[in-house]
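Position 303, counted from 1, in the sequence shown is what my numbering calls 310; the numbers after and before it change by one each time, with no gaps. Contents: one structure, followed by commentary.
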Amino acid sequence: MVELREMDCSVLRHLLHRGDCSGGSYNQAGGGTISSSSSPPAGGKCLLLDCRPFLAHSAGYIRGALNVRCNTIVRRRTKGSISLEQILPAEDEVRSRLLSGLYSAVVVYDERSLRAESLREDSTVSLVVRTLRKDTEHTNICLLKGGYERFQSEYPEFCTKTKSLTSASTLAPVEHLDHSCSSCGTPQHDQGGPVEILPFLFLGSAHHAARRDMLEALGITALLNVSSDCPNHFEGHFQYKCIPVEDNHKTDISSWFMEAIEYIDAVKVCHGRVLVHCQAGISRSATICLAYLIMKKQVKLEEAFEFVKQRRSIISPNFSFMGQLLQFESQVLTTSCAAEAASPSGALRERGKSSSTPTVHLWSRSLHAKRFSVLRHQGRKRYPIVWGQSKDGFQVAFPNKG
């Protein structure tokens, strides 16, 4: 059992209202509960860590909280021992402050745990607490009583909830589109506006990319054109990058993943916003967004797919792209579990370089077929799988369209 103190929701609410993020300075010895009857902690800023899965955090979280990266693959491979860098891989400044003792306390929460003594040893909260104690010896750690569920119920004004798909895509409703477009019937993929995947990352179609008013309304500063034939309409006003790939089973889109991810991050660092688009915003651009989530959020493909599909329900990467994403997931998550020995990009193929495993629609039948068969049925017509061999002797999965 993990020993840590508990914090009432009312105390966290007071600290958030006061601008101390998630806490203050906790100097009392031993365990116990920090309740509303206690004097509010004073001192330096505190760190608030959301220990729930990525999808749960994305749906709603306490203002200012960071989502820790601790999926089942990481837990299994590390056998219960994980580093601070694996928990907070993209938060260099936060890790530095933790190691320097600049946070007066860390408040952790899950969905609804009421007592520290009820936490399982293999829970994410327990693992995070053990890591914090190992790497930051003098940091005070508290569990939020009742977790996100109770806090959101009592103080919703201090929580951030993701916009629903409907509200997120009504920036430019169908009735506001050009009459010429409406009269001929606007395709579903061009209706509404681009959807927000992350605050700096949007997904849409070529039609959306051609709407300057729409781009400016969203604060878009850059576009990632994942096609070989969609024009860049406003090169004098926005930054552009093109990934010239076709939407077919022969395309090696995975060789562009790292370049696309670096471009998105470069826009993010400059406090910009990037629209990723292809022709329809269904396959190629969706694949790039999924790869970004897998890499930067350290999540499995199923989780990333569900997250994006909740925002743009018509996404459907082609059969080959899904196989490449599964291979990318395996590389990324395996690398993240191998301590800090090598940069993740070092383990991933660079465009144009050979790989010991074919990169087009190839993967282990026993390992991935069941998972992939579920994903490929979401949003596309169902086809039976036909297994064959490539010229290199590897198993190949093809959709049999008759």
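Glycine residues also receive a C-beta, built at the ideal position from the N, C-alpha and C atoms.
Ala112 is not a Cβ neighbour of Asn74, given a cutoff of 7 Å. Phe209 and Asn232 have their alpha carbons spaced roughly 12 Å apart.
Along the length of the region 307-334, whole beta strand (DSSP E) runs at least 3 residues long do not occur. For Asn325, the closest alpha carbon among the candidates Leu300, Glu313 and Ile260 is that of Ile260.
The distance from the Cβ of Leu225 to that of Val114 is about 33 Å, inconsistent with a contact at the 8 Å cut-off.
For Phe158, same chain residues with a beta-carbon under 8 Å away, outside a window of 5 residues either side, are Cys16, Leu19, Arg20, Ile69, Tyr116, Leu151, Phe165 and Cys166 in chain order. Looking at the DSSP output, Thr167 bridges to Tyr68. Ranked by Cα distance from Asp236, the options Lys304, Arg291, Gly279 and Glu92 are led by Arg291. Rounded to the nearest whole angstrom, the C-alpha separation of Val283 and Gly211 is 6 Å. Ranked by Cα distance from Ile301, the options Arg25, Val276, Leu340 and Val135 are led by Leu340.
Annotated three-state conformation of Phe264 is helix, per DSSP. Annotated three-state conformation of Asp142 is helix, per DSSP. The alpha-carbon of Phe241 is positioned some 19 Å away from that of Gly288. Spanning the alpha carbons of Phe314 and Lys168 requires a straight line of approximately 14 Å. Here the C-alpha atom of Pro238 lies approximately 22 Å from the C-alpha atom of Phe207.
In this structure, DSSP gives Gly211 an extended state, which the three-state scheme calls strand. Shown here, Gln93 sits in a helix according to DSSP, grouped into three states.
A direct Cα-to-Cα measurement between His215 and Val281 gives close to 12 Å. Beta-bridge partners assigned by DSSP to Arg12: Cys149. For Ala293, the enclosing alpha helix (DSSP H) starts and ends at Arg291 to Lys304. Check the Cα spacing between Gly26 and each of Leu55, Met14 and Leu95: the tightest is with Leu55. Here the C-alpha atom of Phe264 lies approximately 8 Å from the C-alpha atom of Tyr299.
Across the set Arg140, Thr143, Val306 and Asp220, the C-alpha of Val306 shows the shortest separation from the C-alpha of Arg59.
With a contact defined as Cβ atoms closer than 8 Å, Val274 and Ala229 qualify at about 5 Å.
Separation of the CB atoms of Lys304 and Tyr270 is rounded to 17 Å, and the pair is thereby denied contact status at 8 Å.
Measuring C-alpha to C-alpha distances from Gly108 to each of Cys53, Glu161, Gly153 and Gly154 identifies Cys53 as the nearest. Spanning the alpha carbons of Gly153 and Arg140 requires a straight line of approximately 22 Å. Contact between Glu118 and Tyr162 does not hold, since their C-beta atoms are separated by about 16 Å, which reaches or exceeds 8 Å. The beta carbon of Thr131 is closer than 6 Å to those of Cys58 and Cys77 in its chain, skipping five residues each way along the sequence. Taken through DSSP and simplified to helix, strand or coil, Leu73 comes out as strand. With 16 or more other Cβ atoms inside 10 Å of its own Cβ, Asp254 counts as buried. Nearest to Gln286 by C-alpha distance, out of Glu144, Pro201 and Ser160, is Pro201.
Residue environment for Ser65: buried (at least 16 other C-beta atoms within 10 angstroms of its C-beta). If you ignore the 5 residues before and after Ala293, its C-beta comes within less than 6 Å of the C-beta of Ile322 and Pro324, all in its own chain and listed in chain order. Following the DSSP letters along the chain, one finds Tyr162 in no beta strand (DSSP E), marked with neither H nor E.
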